[in-house]
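Asks:
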Amino acid sequence: MLAIHHALLEILSNKEPQSQYVICTDSVSSLQTINQLYPSNPIAQRISDIRYQLEKSNKKVKFVYVPSHTNIEGYDLADESAKEAEASPELQPQNIPICEVLISDMKSRIRNLYVEHWKSSEANKIPFITKALEKPTSPSKRRDQVKICRLRHTYKTNT
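Residue numbers for the sequence shown follow full-length UniProt numbering, so the first one is 1 and each next one is one higher.
If you want it as structure tokens, here you go:
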């Protein structure tokens with residue numbers, strides 16, 4: 001999977017007008033992992049991010065499974081190079097933490113999509129009264145909460 005990661009980085013940094021690429025691998029598990037919607041593997045997450053960047057820059061990458069030891073020209077050389085790269089101290093896997101900023105950003109985007117849907121709903125009359133979908137502040141006692149809720153409802157629907 002590390003070799004796929006580095007291949008995608010090379011494609012991303014390539015400035016040539018070429019827009020279609022093929023990455024061949026004999027690792028079924030790597031292909032399955034990088035095709036998951038929410039991979040837990042940090043390298044697979046980085047691969048997912050790079051694939052998104054490539055898609056935005058109109059570069060298409062196709063992954064092809066190639067069974068190992070099938071005497072494909074150049075395969076043995078690529079296999080040997082991948083083993084050398086894996087053993088190289090320069091290319092050790094990095095600890096890539098799940099970024100809280102990314103999670104926060106995703107929550108914000110989901111909330112914004114929900115607000116847009118909420119505002120565009122024809123059956124919902126509240127967006128015409130209240131411009132923002134906010135969590136209202138309310139008193140801690142249940143009795144007071146009920147009173148305020150009734151007042152808000154009456155005021156918003158009968159004015």
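Even for Gly, the Cβ is constructed at its ideal location relative to N, Cα and C.
How many Å lie between Ala44 and Leu77 at the Cα?
Replies: 25 Å
Asks: Hey, Ile50 and Leu113 are a contact pair by Cβ (cut 8 Å); roughly how many whole angstroms apart?
Replies: 24 Å between Cβ atoms; not a contact.
Asks: Report buried or exposed for Ala7, applying the criterion of at least 16 other Cβ atoms within 10 angstroms of its Cβ.
Replies: buried
Asks: Ordered along the chain, which non-local residues of its own chain (more than five positions away) have a Cβ less than 7 Å from that of Leu31?
Replies: Thr25, Phe63, Tyr65, listed in sequence order.
Asks: Can you tell me whether His5 is buried or exposed? The criterion is at least 16 other CB atoms within 10 Å of its CB, across all chains shown.
Replies: By the neighbour-count rule (16 or more Cβ atoms within 10 Å), His5 is buried.
Asks: Would you kindly report the start and end of the unbroken beta strand (DSSP E) that includes Val61?
Replies: 60 to 65
Asks: What residue from Ser40, Leu12, Arg109 has the CA that sits closest to Asn58's CA?
Replies: Cα-wise, what sits closest to Asn58 is Leu12.
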